Amino acid sequence: MSVKPQNFEEKLVWYTIILTYPIYFLGAQLVWIPALGFILAGCVFKRWWFQTKDTPESEKISIPLSVWIWIVGMLFIELTIFMSHMEFDLGIPKFVFTTVNNWARTWALMALFPLAGCLKIRPQVIYRAACILCLQSLILATICYFMYLLRIPSFSYVSPLVAFRGSASFYTVNLFDVGGDFGEARQFRLRLFANFANNLGIIGNIYFFLSSQEANKKWRWIGTIGGAAMVVGSGSRSTIVCLVAVPIASWLLTNFGWYIQLIVGLLSVVIGMIAPQLIELMQTAWDRVISGVRRSSEVVRKRLAEVTMNRWMEAPIWGHGVVEEKGPKYTEHMPIGTHNHWPDLFYLHGVVGFLAFTFAIVWGFVELTLKARKSAIAKTALNIYLVLLIATAAVDIQLASYLYWQGLILTGIAFKEDVPIFADRQTRTLSFKS
Numbered sequence: 277m278s279v280k281p282q283n284f285e286e287k288l289v290w291y292t293i294i295l296t297y298p299i300y301f302l303g304a305q306l307v308w309i310p311a312l313g314f315i316l317a318g319c320v321f322k323r324w325w326f327q328t329k330d331t332p333e334s335e336k337i338s339i340p341l342s343v344w345i346w347i348v349g350m351l352f353i354e355l356t357i358f359m360s361h362m363e364f365d366l367g368i369p370k371f372v373f374t375t376v377n378n379w380a381r382t383w384a385l386m387a388l389f390p391l392a393g394c395l396k397i398r399p400q401v402i403y404r405a406a407c408i409l410c411l412q413s414l415i416l417a418t419i420c421y422f423m424y425l426l427r428i429p430s431f432s433y434v435s436p437l438v439a440f441r442g443s444a445s446f447y448t449v450n451l452f453d454v455g456g457d458f459g460e461a462r463q464f465r466l467r468l469f470a471n472f473a474n475n476l477g478i479i480g481n482i483y484f485f486l487s488s489q490e491a492n493k494k495w496r497w498i499g500t501i502g503g504a505a506m507v508v509g510s511g512s513r514s515t516i517v518c519l520v521a522v523p524i525a526s527w528l529l530t531n532f533g534w535y536i537q538l539i540v541g542l543l544s545v546v547i548g549m550i551a552p553q554l555i556e557l558m559q560t561a562w563d564r565v566i567s568g569v570r571r572s573s574e575v576v577r578k579r580l581a582e583v584t585m586n587r588w589m590e591a592p593i594w595g596h597g598v599v600e601e602k603g604p605k606y607t608e609h610m611p612i613g614t615h616n617h618w619p620d621l622f623y624l625h626g627v628v629g630f631l632a633f634t635f636a637i638v639w640g641f642v643e644l645t646l647k648a649r650k651s652a653i654a655k656t657a658l659n660i661y662l663v664l665l666i667a668t669a670a671v672d673i674q675l676a677s678y679l680y681w682q683g684l685i686l687t688g689i690a691f692k693e694d695v696p697i698f699a700d701r702q703t704r705t706l707s708f709k710s
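Residue numbers (this note's numbering): 277 to 710.
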């Protein structure tokens, strides 16, 4: 089977993936990727709106329930932004600014790219393109490591496209860092095409699982090695854990009865929420045994979570809507509403936003778990969900959605796939139909 792109949407996806580094060096990721999401979503709605009963079945667009749930959930997030801006008298201009420069580039993408999965985009195209990007990343990672050994500094610059607004970190080109947070020992951490090393760990995991589905053995090995190199090179503990924990959890979810699936599934969601505390506990124990030093970055993260949850009570229903740019000295002046996904979700979007996101991700997780026993695509999408759940321990995952958008398209393809869920020995079958 040819993996060359065969239609407009496949070409957009293919060339955006394999040209990731040119786009990155231009500082254009935060400009082009959201635009790509809206373009693909526009293609979906255009074809869905104009299709008729005479449209060939293979050409018809059908939007699965899970995708609708994500769309509605992300619209509720937008509603919380509007209500919080009204509640704190931030004004309509500020609301429009937040919508365009924040929501449309983060939360919206978590619905738009699964929606794009309703188009005729073959997963094999994504798998091969992922392998090609992993090869590029492996070459660059090797160069960066030799630069580090030879004490050659990484070049760094901010793209002029920063004029499109948003944090300068999204427009900064810097392949690797040498340093630690808040006085920690200096260390080598890859960034490659990500804005932060932690985000590279998330992307590396997703590319690892995408590449593992490549049919060509040579490309599969190249892709998985490249993905693993991104994860390890990022130095992110939570994402390194993913490389081991996700395959184990995925195997348990797809090889045991429904009760084991339910238990493991619930544990995955709960662990995603409490993972910061678990990682901190293990790291504290390790540091006390080895060096007696507690990592200061974890202390700051814990303080941020504490202050964030206390401040959430000022606006429990709709949240604050925007990040507080400069926190107190207690948090080393780090912005309130950053670095902790679940507390930040409460602080920024209140109970309404928390319920909207949690319902969408849990619904999708359950569907993919049920489908994964009979579908390789669904199992890969399930792995992506597990990565994101674990990643909530370290980052606000919506902020990196413009980086792992390929994985979101694959989840949409999995939602669209018509897979029998329960089938007894007679004739009854329950399935999620596209």
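For glycine and all other residues, C-beta sits at the position ideal for the given N, C-alpha and C.
For clarity, every value in this text was computed on a predicted model and none was experimentally measured.
| request: Would you decide whether Met-359 is buried or exposed? Buried here means 16 or more other CB atoms lie within 10 Å of its CB. | output: Looking up residue 359 in the sequence shown gives position 83. The residue is buried, with at least 16 neighbouring Cβ atoms inside 10 Å.
| message | Taking the beta carbon of Asn-283 as the centre, do at least 16 other beta carbons fall within 10 Å, making it buried, or is it exposed? | response | Within the sequence shown, numbered from 1, the residue matching residue 283 stands at position 7. Exposed, by the Cβ-count rule.
| task | Would you mind stating whether Ile-501 and Leu-414 have Cβ atoms separated by less than 9 Å? | result | Along the sequence shown, one-based indexing puts residue 501 at 225. Along the sequence shown, one-based indexing puts residue 414 at 138. Their beta carbons are under 9 Å apart, which means Ile-501 touches Leu-414 by this criterion.
| Hey, quick one: how far does the alpha helix (DSSP H) through Phe-484 stretch, first residue to last? | Taking the sequence shown and counting its residues from 1, the one referred to as residue 484 is at position 208. 473-487 is the extent of the alpha helix (DSSP H) around Phe-484.
| task | State buried or exposed for Gln-305, treating a residue as buried only when at least 16 other CB atoms are found within 10 Å of its CB. | result | For this step, residue 305 is matched to residue 29 along the sequence shown. Under this definition Gln-305 is a buried residue.
| task | Tell me, please, whether the region 601-619 touches the region 318-330 by the rule of three or more beta-carbon pairs shorter than 8 Å. | result | no
| query | Mind checking whether Leu-382 and Leu-665 have CB atoms under 9 Å apart? | reply | For this step, residue 382 is matched to residue 106 along the sequence shown. For this step, residue 665 is matched to residue 389 along the sequence shown. First, the amino acid is wrong: residue 382 is Thr here, not Leu. No; because the gap between Cβ atoms is not below 9 Å, this pair is not in contact.
| field | Stretch pair the region 655-672 + the region 513-523: three plus CB contacts closer than 8 Å | value | yes
| 7 Å Cβ shell around Cys-319 - same chain, five flanking residues per side excluded | Within the sequence shown, residue 319 is the residue found at index 43, counting from 1. Hits under 7 Å: Glu-285, Leu-395.
| message | I believe Lys-647 touches Ser-526 by the beta-carbon criterion, under 8 Å. Please report the beta-carbon distance rounded to the nearest angstrom. | response | Here residue 647 refers to the residue found at position 371 when the sequence shown is read from its first residue. Here residue 526 refers to the residue found at position 250 when the sequence shown is read from its first residue. Actually they are not in contact, since the Cβ atoms of Lys-647 and Ser-526 sit about 12 Å apart, beyond 8 Å.
| said: Does Pro-399 come out as helix, strand or coil in the three-state DSSP assignment? | reply: Locating residue 399 in the sequence shown gives position 123, counting from the first residue. Here Pro-399 sits in helix by DSSP.
| query | When the Cα atoms are used, what is the spatial distance from Asp-563 to Arg-467? | reply | Here residue 563 is taken as the residue at index 287 of the sequence shown, counted from 1. Here residue 467 is taken as the residue at index 191 of the sequence shown, counted from 1. Confidence at Asp-563 is low in this model, with a pLDDT of 47, below 50, so its placement is unreliable and the value that follows should be read with caution. Their backbone Cα atoms lie some 25 Å apart in a straight line.
| query | Within this structure, are the beta carbons of Phe-464 and Ser-677 separated by less than 9 Å? | reply | Looking up residue 464 in the sequence shown gives position 188. Looking up residue 677 in the sequence shown gives position 401. Cβ distance not < 9 Å, so Phe-464 and Ser-677 don't count as in contact.
| request: Tell me, please, which residues DSSP counts as bridged to Phe-464. | output: In the sequence shown, the residue the question calls residue 464 occupies position 188. Phe-464 is bridged to Val-454.
| message | For a quick check, are the C-beta atoms of Gly-442 and Trp-681 less than 9 Å apart? | response | Locating residue 442 in the sequence shown gives position 166, counting from the first residue. Locating residue 681 in the sequence shown gives position 405, counting from the first residue. Against a cut-off of 9 Å, the Cβ pair of Trp-681 and Gly-442 comes out as no contact.
| field | Under the three-state DSSP convention, the category Pro-696 falls into | value | Your numbering for residue 696 matches position 420 in the sequence shown. Correct three-state label for Pro-696: strand.
| task | Would you give the residue range spanned by the alpha helix (DSSP H) that Ser-526 belongs to? | result | Translated into the one-based positions of the sequence shown, residue 526 becomes position 250. Element bounds for Ser-526: 513-531.
| query | By a C-beta neighbour count over all protein chains shown, 10 Å radius and 16 as the cutoff for buried, is Thr-331 buried or exposed? | reply | Within the sequence shown, numbered from 1, the residue matching residue 331 stands at position 55. Exposed.
| task | Over the uninterrupted beta strand (DSSP E) stretch that includes Ser-432, give me the two end residues. | result | Walking along the sequence shown from the start, residue 432 turns up at place 156. Note, Ser-432: beta strand (DSSP E), 432-434.
| task | Taking only the alpha-carbon atoms, compute the straight-line gap between Ile-697 and Ala-652 and give it to the nearest angstrom. | result | Taking the first residue of the sequence shown as position 1, residue 697 is located at position 421. Taking the first residue of the sequence shown as position 1, residue 652 is located at position 376. C-alpha separation (whole angstroms): 14 Å.
| Looking only at its own chain, which residues have a Cβ that is under 6 Å from the Cβ of Phe-691, when we skip the five neighbours before and after it? | Within the sequence shown, residue 691 is the residue found at index 415, counting from 1. Around Phe-691: Pro-340, Ser-342, Val-343.
| said: Whether or not the region 486-502 and the region 429-437 are in contact is what I'm after, with contact meaning three or more pairs of Cβ atoms, one per stretch, closer than 8 Å; do they touch? | reply: no
| said: Beta-carbon within less than 6 Å of Tyr-483's beta-carbon, same chain only, minus the 5 sequence neighbours each way: which residues are those? | reply: Sequence index remark: in the sequence shown, residue 483 carries index 207 (1-based). Closer than 6 Å at the Cβ level, and outside the excluded window around Tyr-483, lie Ala-406, Cys-410, Gly-503.
| What distance in whole Å lies between the Cβ atoms of Thr-584 and Asp-620, which are believed to be in contact at a cut-off of 8 Å? | Position 344 of the sequence shown holds residue 620. Position 308 of the sequence shown holds residue 584. At roughly 6 Å, the Cβ-Cβ gap stays under 8 Å, so Asp-620 and Thr-584 are in contact.
| query | Using a Cβ-Cβ cut-off of 7 Å (strictly less than) and excluding sequence neighbours within five positions of Val-449, which residues of its own chain qualify? | reply | Numbered from its first residue, the sequence shown carries residue 449 at position 173. If we look at Val-449 and ignore the five residues flanking it on each side, its Cβ neighbours are Tyr-300, Phe-301, Gly-303, Ser-432, Tyr-433, Ser-435.
| How big is the Cα-Cα spacing for Lys-287 and Pro-281? | Start at 1 with the first residue of the sequence shown, and residue 287 comes out as number 11. Start at 1 with the first residue of the sequence shown, and residue 281 comes out as number 5. Cα-Cα distance, rounded: 5 Å.
| Name the DSSP beta bridge partners of Glu-582, please? | For the purposes of this step, residue 582 is identified with residue 306 of the sequence shown, where counting begins at 1. Per DSSP, none; premise fails for Glu-582.
| request: Compute the Euclidean distance between the alpha carbons of His-609 and Ser-510, then round it to the nearest angstrom. | output: Taking the first residue of the sequence shown as 1, we reach residue 609 at position 333. Taking the first residue of the sequence shown as 1, we reach residue 510 at position 234. Spanning the two alpha carbons is a distance of roughly 25 Å.
| In three-state DSSP terms, what is Glu-285? | For the purposes of this step, residue 285 is taken as residue 9 along the sequence shown, with counting starting at 1. Helix.
| field | N- and C-terminal bounds of the alpha helix (DSSP H) containing Ile-347 | value | For this step, residue 347 is matched to residue 71 along the sequence shown. Ile-347 -> alpha helix (DSSP H) spans 341-363.
| query | Per DSSP, what kind of secondary structure is Val-508 in: helix, strand or coil? | reply | Here the question's residue 508 lines up with position 232 in the sequence shown. Correct three-state label for Val-508: helix.
| Between Val-289 and Ile-402, which are expected to be in contact by the criterion C-beta below 8 Å, what is the C-beta distance as a whole number of angstroms? | Translated into the one-based positions of the sequence shown, residue 289 becomes position 13. Translated into the one-based positions of the sequence shown, residue 402 becomes position 126. About 7 Å separates the two Cβ atoms, so the contact holds.
| query | How many Å lie between Cys-420 and Phe-452 at the Cα? | reply | For the purposes of this step, residue 420 is taken as the residue at position 144 of the sequence shown. For the purposes of this step, residue 452 is taken as the residue at position 176 of the sequence shown. Straight-line Cα distance between these residues: approximately 7 Å.
| query | If you draw a straight line from the C-alpha of Thr-328 to the C-alpha of Thr-292, how long is it? | reply | Looking up residue 328 in the sequence shown gives position 52. Looking up residue 292 in the sequence shown gives position 16. Looking at the two C-alpha atoms, the distance is approximately 31 Å.
| message | Assuming the contact rule is C-beta atoms closer than 8 Å, Met-506 and Ile-479 should be a hit. Round their C-beta distance to whole Å, please. | response | To locate residue 506, count along the sequence shown from 1; it is residue 230. To locate residue 479, count along the sequence shown from 1; it is residue 203. Their Cβ separation, rounded to whole angstroms, is 7 Å, which keeps Met-506 and Ile-479 in contact under 8 Å.
| message | Can you tell me which residues form a DSSP beta bridge with Thr-374? | response | To locate residue 374, count along the sequence shown from 1; it is residue 98. DSSP lists no partner for Thr-374.
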